[in-house]
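Numbered per full-length UniProt numbering, the sequence shown spans residues 1 to 257.
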Amino acid sequence: MHNIIIISMSFIILCTMIFFLDLTYAHSNSNLIKRKAIFVHEKLYSHGGHHKHHHNSLDRSNDTQVNTDFKSWYFRPTHEHHHRQLRVVHGIVNIFGWGILLPIGVIIARYYKRHPLECEEWYSLHVLSKIAGFILGTIGWGLGMSMIKNSPKDQHTMMSTHGIIGTIIFTFTTIQVLAICLQPDEENVYRKYWVIYHNILGYALLILTIVNIFQGIEKEESSHRWKWSYVVIVSVLGLIALVFELLPRFNMIKNKF
Numbered sequence: 001m002h003n004i005i006i007i008s009m010s011f012i013i014l015c016t017m018i019f020f021l022d023l024t025y026a027h028s029n030s031n032l033i034k035r036k037a038i039f040v041h042e043k044l045y046s047h048g049g050h051h052k053h054h055h056n057s058l059d060r061s062n063d064t065q066v067n068t069d070f071k072s073w074y075f076r077p078t079h080e081h082h083h084r085q086l087r088v089v090h091g092i093v094n095i096f097g098w099g100i101l102l103p104i105g106v107i108i109a110r111y112y113k114r115h116p117l118e119c120e121e122w123y124s125l126h127v128l129s130k131i132a133g134f135i136l137g138t139i140g141w142g143l144g145m146s147m148i149k150n151s152p153k154d155q156h157t158m159m160s161t162h163g164i165i166g167t168i169i170f171t172f173t174t175i176q177v178l179a180i181c182l183q184p185d186e187e188n189v190y191r192k193y194w195v196i197y198h199n200i201l202g203y204a205l206l207i208l209t210i211v212n213i214f215q216g217i218e219k220e221e222s223s224h225r226w227k228w229s230y231v232v233i234v235s236v237l238g239l240i241a242l243v244f245e246l247l248p249r250f251n252m253i254k255n256k257f
């Protein structure tokens with residue numbers, strides 16, 4: 001049963017990676033078409049501010065020249081294009097780090113420790129998913145700070161809801177990771193208070209993370225596809241948690257009869 005759940009979660013992550021890579025490619029291809037249209041428009045209206053009419057379409061040699069000129073024009077490094085790429089990477093890394101691996105860590109800690117899926121390696125799996133999510137999330141947070149620093153027109157984002165919540169998530173997740181090293185022994189009288197604090201902060205960060213991911217998605221050009229993609233991810237993770245939550249109750253009812 002344990003292996004089935006791990007394989008299922010791995011399958012979810014793999015499918016998500018494939019989908020977002022496809023979404024990124026579609027987004028880049030759309031931008032390529034848009035920029036080519038802008039380039040052709042500029043070429044047609046660059047001389048004297050008016051369109052040069054032709055009786056016939058551009059011949060093959062002219063078309064080849066336009067494509068050659070476009071390649072040299074399009075692939076010039078521009079701040080806008082670089083900024084857009086950073087936004088896409090920022091979104092994908094944060095979704096995998098904060099939005100998938102951290103919730104999986106919560107599921108492992110809650111349902112693998114005792115019932116319904118008692119597993120001796122639950123703590124190692126919990127820590128591994130948390131640290132992996134924290135590393136990816138930190139990279140995503142750093143990219144966000146870099147975009148704000150290098151894009152004066154977007155510096156107001158720091159004071160936006162998305163930027164503030166993102167910094168709060170990074171700060172308190174850092175505390176959660178450090179708390180793993182500083183947790184009291186099980187015999188310590190303060191152990192139960194540490195567990196309460198760790199659980200409450202963990203669930204609060206989980207809610208903030210989901211909210212903030214949707215906040216960031218709203219700022220993207222392809223927000224509709226990104227939003228519904230993450231809705232599917234959250235729904236699948238929520239369904240897994242619901243099944244694990246109800247399973248002991250079903251077993252208890254079954255044992256009565």
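Built from N, CA and C at the ideal position, the CB exists for glycine as well.
Please read these numbers as outputs of a predicted model, since none were measured by experiment.
Lys227 and Glu121 have their C-alpha atoms spaced approximately 34 Å apart. Between Leu102 and Leu205, the gap from beta carbon to beta carbon is short of 9 Å.
Distances from the alpha-carbon of Leu125 to those of Ile107, Cys181, Val93 put Ile107 closest. Closest by C-alpha distance to Tyr112, out of Val89, Glu245, Met252, Phe170, is Glu245.
Between Leu201 and Phe172, the C-beta spacing is below 9 Å. For the pair Gly105 and Phe134, the Cα-to-Cα distance works out to about 11 Å. Apart from sequence neighbours up to five positions away, the residues of its chain that approach Ile165 with a beta-carbon distance below 8 Å are Leu208, Val211, Asn212, Gln215, ordered along the chain. Within the model, the alpha-carbon separation for Tyr123 versus Trp194 is close to 16 Å. Annotation: Ile217 to Val89 spans about 12 Å, alpha carbon to alpha carbon.
Between Ile92 and Trp98, the alpha-carbon positions lie close to 10 Å from each other.
Within the same chain, Trp194 come within 6 Å of Gln183 by CB-CB distance, once the 5 residues on both sides are set aside. Residues Val177 of the same chain have their beta carbon placed closer than 7 Å to that of Ile131, with the five preceding and five following residues left out of the count. In the DSSP annotation of this structure, Pro184 is not part of any alpha helix (DSSP H), being labelled neither H nor E.
Spanning the alpha carbons of Asn251 and Arg114 requires a straight line of approximately 14 Å.
When DSSP states are grouped into helix, strand and coil, Glu218 belongs to the coil group. Rounded to whole angstroms, the separation of the alpha carbons of Trp141 and Phe170 is 7 Å. At a Cβ-Cβ threshold of 9 Å, Ile139 and Ile233 do not count as neighbours. In the three-state reduction of the DSSP assignment, Glu120 falls in the coil class, being assigned neither a helical nor a strand state. Contact between Met147 and Leu86 holds, since their C-beta atoms are separated by about 5 Å, short of 8 Å. Boundaries cannot be given for Gly97, as no alpha helix (DSSP H) includes it and DSSP labels it neither H nor E.
A distance of 9 Å or more separates the beta carbons of Ile100 and Leu239.
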